[in-house]
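Per this note's numbering, the very first residue in the sequence shown carries number 1; after that it's consecutive. We put the beta carbon where it would ideally sit given N, CA and C, even for glycine.
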Amino acid sequence: MSPTLRRLMKEAAELSASSPSPSPHFCAHPVSDSNLFDWHFTMAGPPAPSPYAGGIYHGRIVLPPQYPLRPPSFRFLTPSGRFEVNREICLSISGHHEETWQPAWGIRTALTAIRSFMDGDAKGQLGGLDATDDVRRMWAEKSRSWRCDVCSGGKTNEEILNEWREICRQKGIAVDDEEGRESVPDELKLHYRKEEQSSATAQEKSEDHEQVAATAAASSSTNTSSSSQQSSSEPAPNNTSTRPTPTTTTTTTTTTTTSSSSSSETPWLDRAIVGVFIALVFMILRKIANSEEEELEPI
1 MSPTLRRLMK
11 EAAELSASSP
21 SPSPHFCAHP
31 VSDSNLFDWH
41 FTMAGPPAPS
51 PYAGGIYHGR
61 IVLPPQYPLR
71 PPSFRFLTPS
81 GRFEVNREIC
91 LSISGHHEET
101 WQPAWGIRTA
111 LTAIRSFMDG
121 DAKGQLGGLD
131 ATDDVRRMWA
141 EKSRSWRCDV
151 CSGGKTNEEI
161 LNEWREICRQ
171 KGIAVDDEEG
181 RESVPDELKL
191 HYRKEEQSSA
201 TAQEKSEDHE
211 QVAATAAASS
221 STNTSSSSQQ
231 SSSEPAPNNT
241 STRPTPTTTT
251 TTTTTTTTSS
261 SSSSETPWLD
271 RAIVGVFIAL
281 VFMILRKIAN
291 SEEEELEPI
């Protein structure tokens with residue numbers, strides 16, 4: 001079994017009814033036992049005075065094959081006035097910000113963070129909505145009767161959460177205790193994708209303007225230098241092309257002659273030395289022969 005499947009099975013057990021300390025504010029489970037990468041969750045809205053107080057929201061979690069090294073993606077299926085329906089939301093715990101995700105976090109930590117982030121302003125965030133508090137309260141009231149077509153049983157959000165909270169009560173968990181709710185890690189922050197893109201776009205535009213200005217200046221200077229070069233070279237084009245040629249040829253000829261003469265002198269000297277040596281040897285031998293003849297003559 002792969003590490004990803006072991007991790008998902010562990011988290012499924014921690015979020016199931018058999019967990020010793022389930023959260024009373026949300027429940028989550030795989031859609032089917034054969035696919036642990038597709039989950040659904042049911043979540044209670046933040047407490048009053050939040051406009052989402054009393055709302056119960058349903059959503060989907062898609063986990064990548066590299067989980068937990070890569071973050072899951074989240075989307076709400078219930079209208080809330082805070083997040084767009086069935087569109088991936090942009091949070092530091094979602095796939096839009098993989099660089100901020102830590103493998104130690106899990107689905108429970110992510111759901112806790114999403115619930116706490118609901119009261120924040122959308123500010124153009126990808127997947128976020130800017131709606132009035134009255135509209136959000138209206139959707140919070142309607143969300144309780146919303147039903148998921150995928151989850152088995154055809155129960156409403158209110159029925160699912162009530163059954164879950166009854167399980168929590170049987171385990172001795174205070175369902176209405178918001179003071180003792182789980183805290184969100186400091187590293188988990190709400191990111192605004194639109195602002196990031198706007199700043200990046202502005203920076204790209206300024207860089208483009210600088211490049212255009214630099215290109216225009218370079219083009220202007222090139223045209224000026226080209227025209228000046230043409231005007232200065234027009235009066236005497238022949239002198240420039242003919243004078244260097246004989247100089248180069250003469251230099252080449254001189255160099256070639258010098259090298260050839262030096263190479264021819266070397267074997268001539270060698271032959272002269274050898275000739276002198278042979279002549280000396282011949283003279284010595286001749287002198288020896290003459291002296292022997294004189295000794296042999298009769299007195």
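Straight-line Cα distance separating residue j from residue i
i: W39; j: G81; result: 22 angstroms
i: T109; j: W101; result: 11 angstroms
i: R75; j: R165; result: 23 angstroms
i: H58; j: K171; result: 24 angstroms
i: R169; j: V85; result: 31 angstroms
i: E11; j: W105; result: 11 angstroms
i: A289; j: F282; result: 11 angstroms
i: K287; j: P267; result: 31 angstroms
i: D149; j: D33; result: 17 angstroms
i: Q66; j: R137; result: 38 angstroms
i: E88; j: A174; result: 32 angstroms
i: S259; j: I273; result: For S259, the pLDDT reaches just 47, beneath the cut-off of 50, and the residue's location in the model is therefore unreliable, although a value from the coordinates is still provided. If I take the Cα positions, the gap works out to 22 angstroms.
i: N35; j: M9; result: 11 angstroms
i: D130; j: S19; result: 37 angstroms
i: S152; j: T42; result: 13 angstroms
i: S50; j: R70; result: 31 angstroms
i: E158; j: R147; result: 9 angstroms
i: S143; j: K155; result: 12 angstroms
i: P46; j: I167; result: 20 angstroms
i: L301; j: D270; result: Past the boundaries of the shown model lies residue 301; the chain is included only from 1 to 299, so the question cannot be answered.
i: F302; j: S291; result: Lying outside 1 to 299, the shown extent of the chain, residue 302 is not represented and no answer is given.
i: P22; j: A13; result: 10 angstroms
i: W139; j: P185; result: 29 angstroms
Given residue i as reference, the closest of the options once Cα atoms are compared
i: Y52; options: D121, P267 and I107; result: D121
i: E99; options: S291, F277, V150 and P68; result: P68
i: A44; options: A279, I278, R115 and T4; result: R115
i: D177; options: I61, R136, P24 and L63; result: P24
i: S145; options: T78, A272 and I284; result: T78
i: P3; options: P103, F83 and T112; result: P103
i: I56; options: M118, L280 and V184; result: M118
i: D133; options: A48, E14, S18 and P20; result: A48
i: T112; options: R147, S183 and E292; result: S183
i: A17; options: F277, P71, R271 and L161; result: L161
i: P72; options: T42, I107, D270 and P22; result: I107
i: H29; options: W139, F83, G153 and L15; result: L15
i: R60; options: P46, S50, V31 and R70; result: V31
Whole-number beta carbon distance between residue j and residue i, since they are thought to touch under 8 angstroms
i: F37; j: L63; result: 5 angstroms
i: T141; j: G54; result: The sequence shown places Glu at residue 141, not Thr. At roughly 7 angstroms, the Cβ-Cβ gap stays under 8 angstroms, so E141 and G54 are in contact.
Could I get the ranges of all uninterrupted beta strand (DSSP E) runs contained in the stretch 53-141, with 3 residues as the minimum, in chain order?
56-62 and 73-76
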